[in-house]
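To start, the structure under review is shown below, and the notes come after it.
Residue numbers (this note's numbering): -10 to 336.
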């Protein structure tokens, strides 16, 4: 069973990805700690970003608006270089994930990043929204045969069509898609969780949600809507310098998000309507039984005024009222005596 089948296709419940990304700030010890804290929080996977500045950035590169005030006076290239890990370090991150019992995943941000991930024998590769239209990178990834997890932020359906068709034409590995809004943080009104349904119907692949909004409630909602995967940026502290920390959640919040997702999954349950065992026990105390509304004499012809319904629910239920009305009593009854059908005639 490959990585994709094990974690996406055959698992029960939502695959929760803690997006460590570049929140290690270039410090390898911090990256290792992010792995451990993601595992402690109950995430299924921890994801990084793998890049080489020389393959991603040019002298024309500029800072997106959300970088403002987050990396000081560093240029985009200087900032990018400060976040690079070696192939050996990524191998150690993969090994740490294996030791901790949490899935390893990384985004290939460029062709050199992809080569690093194939060199360390990564079992699946994430592609960010920024590279959905990067045919160069998608073609190289397709040729590896590895599973592809692709975010669709900043893209029209026609652009997604192009990427999916390119991967299919090159006999790519299995594909999963993430609805995503590429803003940090993303306004709630721009998240459009229902697009997951559109993607699933259009492409017939597993679909999830990559979240950049504030808080933990939207990923929980995505899981309730049937997301096969949710991804959330994760940091040890939002006060750390760097571009992604402010839109990330901290370890205690990640743990709470995972807990709420699992609670929602349990609550979704089955589509079959059944009475739960605990409900059966409660019904005797909570439901009502048919009783005499006043003292009644044998031979009385029962009318609606003669019958009431009160707790407990251990006798004839109110739904059987029609079986009493218009029939004669065989016995005397005190007020609040429980009815049963043996007390009335058969006429």
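We treat Cβ as the ideally placed atom computed from N, Cα and C, and that holds for glycine.
Just so you know, these numbers come straight off a predicted model, no measurement behind them.
Listed in chain order, the non-local C-beta contacts of residue 98 below 6 Å within the same chain comprise 38, 40, 45, local neighbours out to five positions each way being set aside.
Annotation: the continuous beta strand (DSSP E) that includes residue 197 extends over 196 to 200. Approximately 7 Å separates the beta-carbon atoms of residue 6 and residue 32; this is inside 8 Å, confirming the contact. Here residue -7 is actually not in contact with residue 92; their C-beta atoms are around 11 Å apart, not less than 8 Å. Two segments are said to touch when three or more pairs of C-beta atoms, one from each, lie closer than 8 Å; by this definition the segment 219 to 233 touches the segment 7 to 14. As for any beta strand (DSSP E) of minimum length 3 sitting wholly inside the segment 213 to 297, the runs are 218 to 222, 278 to 281, ordered along the chain. The C-alpha of residue 178 is placed about 35 Å away from the C-alpha of residue 129. It is roughly 45 Å from the alpha-carbon of residue 322 to the alpha-carbon of residue 259. Counting only residues of its own chain and dropping the five nearest sequence neighbours on each side, residue 303 has a CB closer than 7 Å to the CB of 273, 278. Counting along the chain, no beta strand (DSSP E) covers residue 133; the unbroken alpha helix (DSSP H) around it starts and ends at 124 to 133.
Apart from sequence neighbours up to five positions away, the residues of its chain that approach residue 310 with a beta-carbon distance below 7 Å are 279, 296, ordered along the chain. With respect to the 8 Å criterion, residue 95 and residue 36 are classified as neighbours on the basis of their beta carbons. Within the same chain, 100 come within 8 Å of residue 125 by CB-CB distance, once the 5 residues on both sides are set aside. The beta carbon of residue 165 lies closer than 8 Å to those of -7, -3, 136, 137, 138, 139, 194, 195, 196, 197, 217, 218 in the same chain, with the five residues before and after it left out.
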